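Written below as structure tokens is the structure these notes are about.
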Amino acid sequence: MSKVHHLLYSIYFQAIQQVVQYVKANDLGHVNIISDSRPARMALSAVEEARDIINNIKQDIKEQKRKITLTWIRTHMRNFGNERADQLAKEATLTSDESVSFVPTRNQRRNEGNKIIKDLWQNLGNDPKNARWTKNLIDKVNVDRLYGDFYANQILTAHGVFREHQARFFGKTSLCSCGQERDLFFT
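Position 24 of the sequence shown, counted from 1, bears residue number 24 in full-length UniProt numbering, the numbering being contiguous throughout.
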């Protein structure tokens with residue numbers, strides 16, 4: 001989403017918040033807030049939301065006990081007042097004063113975390129003393145879902161029912177019944 005669109009949505013939220021606060025302060029009867037911002041309407045209808053301004057609006061509406069309803073209308077349908085409101089909102093985006101900041105959404109936080117983990121994993125794989133066998137087979141970390149053979153994956157990654165692996169991670173003996181000390185590894 002571009003900075004202009006991001007700022008435009010913050011202006012929609014500020015406008016809705018001001019209307020809700022005006023209704024609260026003046027103890028008006030039933031008020032219908034009409035907006036052509038579908039993302040703003042969806043954010044206000046969402047069960048969970050991380051942005052404080054939206055949670056504050058939702059709380060204020062809840063306190064009014066159904067005196068305030070939100071209605072979405074289509075854009076550019078020649079609704080009275082809508083075109084002028086759009087023009088004023090766009091003009092407001094040209095000002096340099098940003099008074100509202102948004103926290104990243106849950107998906108954005110998850111995606112950023114996954115990217116960090118993937119980068120750390122790749123850096124660990126690039127270290128010559130770690131994962132040299134796996135690095136020869138798989139040069140770059142790829143998290144796309146693969147449906148491989150379970151046993152082949154154990155052999156390729158040296159993680160599985162191997163004596164050395166079992167000894168390192170589970171405290172079992174690495175000795176074979178024939179007296180051999182370790183598993184065979186290909187290098």
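From the three backbone atoms N, C-alpha and C, an ideal C-beta is built for every residue, glycine too.
Everything numeric in this text was worked out from a predicted model, so none of it was measured.
For residue i, which residues from the same chain have a beta carbon less than 7 Å from its beta carbon, with the 5 sequence-adjacent residues on both sides left out?
{"i": "Arg106", "result": "Ala50"}
Specify, as a first and last residue, the run of the beta strand (DSSP E) that residue i falls within.
{"i": "Leu70", "result": "Ile68 to Trp72"}
{"i": "Ile33", "result": "Val31 to Ser35"}
Could you tell me whether any non-hydrogen atom of the ligand ATP is closer than 8 Å to the CB of residue i?
{"i": "Thr157", "result": "No copy of the ligand ATP appears in this structure; indeed no ligand is present at all."}
Taking just the CA atoms, how far does residue j sit from residue i?
{"i": "Lys65", "j": "Lys24", "result": "11 Å"}
{"i": "Gly113", "j": "Asp144", "result": "16 Å"}
{"i": "Glu91", "j": "Gln122", "result": "46 Å"}
{"i": "Ile11", "j": "Arg168", "result": "58 Å"}
{"i": "Ile21", "j": "Ile61", "result": "Per the sequence presented here, residue 21 reads as Gln, with Ile not at that position. Straight-line Cα distance between these residues: approximately 9 Å."}
{"i": "Gly125", "j": "Ala46", "result": "41 Å"}
{"i": "Phe150", "j": "Lys115", "result": "26 Å"}
{"i": "Leu156", "j": "Gly148", "result": "11 Å"}
{"i": "Asn111", "j": "Asp119", "result": "12 Å"}
Take the Cβ of residue i as the centre, count every other Cβ of all protein chains shown within 10 Å, and call the residue buried at 16 or more, exposed below.
{"i": "residue 197", "result": "Because the chain is modelled from 1 through 187, residue 197 falls outside the range shown and cannot be assessed."}
{"i": "Phe13", "result": "buried"}
{"i": "Ile57", "result": "buried"}
{"i": "Ala40", "result": "buried"}
{"i": "Ile138", "result": "exposed"}
{"i": "Ala43", "result": "buried"}
{"i": "Val103", "result": "exposed"}
{"i": "Lys172", "result": "exposed"}
{"i": "Asp36", "result": "buried"}
Who are the Cβ neighbours of residue i in its own chain at under 6 Å, not counting the five residues just before and after it?
{"i": "Val31", "result": "Val23 and Ile68"}
{"i": "Thr187", "result": "Any reading at Thr187 needs caution, since the residue's pLDDT is 48, under 50, leaving its predicted position unreliable; the model's value is listed next. No residues qualify anywhere along the chain."}
May I ask which residues mark the beginning and end of the alpha helix (DSSP H) holding residue i?
{"i": "Leu156", "result": "Phe150 to Thr157"}
{"i": "Leu120", "result": "Arg106 to Asn126"}
{"i": "Arg163", "result": "Arg163 to Phe170"}
Contact criterion: CB-CB distance below 9 Å. Does residue i meet it with respect to chain B?
{"i": "Val31", "result": "Of the protein chains in the structure, only one exists, and it is not chain B."}
Under 8 Å Cβ to Cβ from residue i, same chain only, skipping five residues before and after it: list those, please.
{"i": "Gly179", "result": "none"}
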